[in-house]
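In our numbering, the protein residues as written are 85 to 330.
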């Protein structure tokens, strides 16, 4: 699979076949520095994958792809100099065939369909945990490893199933994905941040429960916290979203 520089995304530097055990080379495309660092860290923790580059814009990603062999792109869809799918269209027109996992908060199903037509093999919605991305990467590696001729429909279905039917990522006991999404949206929409009590009121859960979700976001690098002074009594913790909403 050739890139714009004539290099081959699936072969070694000498143009020959690489050993089956070679790590899958990943390009992280993400404009938010905090999120980019987190994605790079996450990828580095999954055996069989290595980060070959990090780009913070569409233009930077294009330059990296011209000179670096890449197997998989973790692609944010909202970039400061254009949409991620515009980048992908340009890559396909230039002959780049690296696979793509979209990492985004975009929930427009029309965009999802367009992305699939351009070769997006998975969507990971922000915010997500390491376990979520690890699951997608492991399944992508299984799909990629399939080789040879299928013996029948069942084998084809199994190969595609590795990609299309991921197991739900586990959350800490007592936390649910829908509530996490609601808390995330509330925090992201609050320009000056929220306390656990304020979050609870907005979301309709108790302060203690809200704090568990907020602490979960802090643990995974999507929020930070600091004491809120100026009121009588013990200062409350103020939580603030630290990654730009994509």
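Every residue, glycine too, gets a C-beta built ideally from N, C-alpha and C.
Quick one: is residue i buried, meaning 16 or more other Cβ sit within 10 Å of its Cβ, or exposed?
i: residue 257; result: exposed
i: residue 313; result: exposed
i: residue 283; result: buried
i: residue 292; result: exposed
i: residue 319; result: exposed
i: residue 270; result: buried
In whole angstroms, what separates the C-alpha of residue i from that of residue j?
i: residue 117; j: residue 136; result: 17 Å
i: residue 272; j: residue 262; result: 15 Å
i: residue 278; j: residue 322; result: 5 Å
i: residue 198; j: residue 192; result: 10 Å
i: residue 147; j: residue 285; result: 47 Å
i: residue 250; j: residue 209; result: The predicted model places residue 250 with a pLDDT of 44, which falls under 50 and marks its position as unreliable; any figure quoted below should be read in that light. Near 13 Å, if we compare the C-alpha coordinates of residue 209 and residue 250.
i: residue 212; j: residue 151; result: 30 Å
i: residue 190; j: residue 170; result: 15 Å
i: residue 156; j: residue 185; result: 7 Å
i: residue 115; j: residue 129; result: 21 Å
i: residue 281; j: residue 306; result: 19 Å
i: residue 310; j: residue 187; result: 28 Å
With distances taken between CB atoms, is the gap from residue i to residue j smaller than 8 Å?
i: residue 175; j: residue 149; result: yes
i: residue 294; j: residue 287; result: yes
i: residue 220; j: residue 206; result: yes
i: residue 154; j: residue 182; result: yes
i: residue 112; j: residue 168; result: no
i: residue 224; j: residue 259; result: no
i: residue 107; j: residue 134; result: yes
What distance in whole Å lies between the Cβ atoms of residue j and residue i, which are believed to be in contact at a cut-off of 8 Å?
i: residue 214; j: residue 126; result: 5 Å
i: residue 161; j: residue 195; result: 7 Å
Relative to the C-alpha of residue i, which candidate in the options has its C-alpha closest?
i: residue 142; options: 155, 277, 166 and 151; result: 166
i: residue 120; options: 255, 309, 304 and 319; result: 304
i: residue 203; options: 225, 209 and 180; result: 180
i: residue 164; options: 140, 151 and 178; result: 140
i: residue 308; options: 194, 268, 225 and 260; result: 268
i: residue 131; options: 144, 115, 151 and 110; result: 110
i: residue 275; options: 265, 255, 326 and 311; result: 326
i: residue 173; options: 201, 129 and 128; result: 201
Could you tell me whether any non-hydrogen atom of the ligand GDP is closer than 7 Å to the CB of residue i?
i: residue 279; result: Annotation note on the ligand GDP: not contained in the displayed structure, which lists no ligands.
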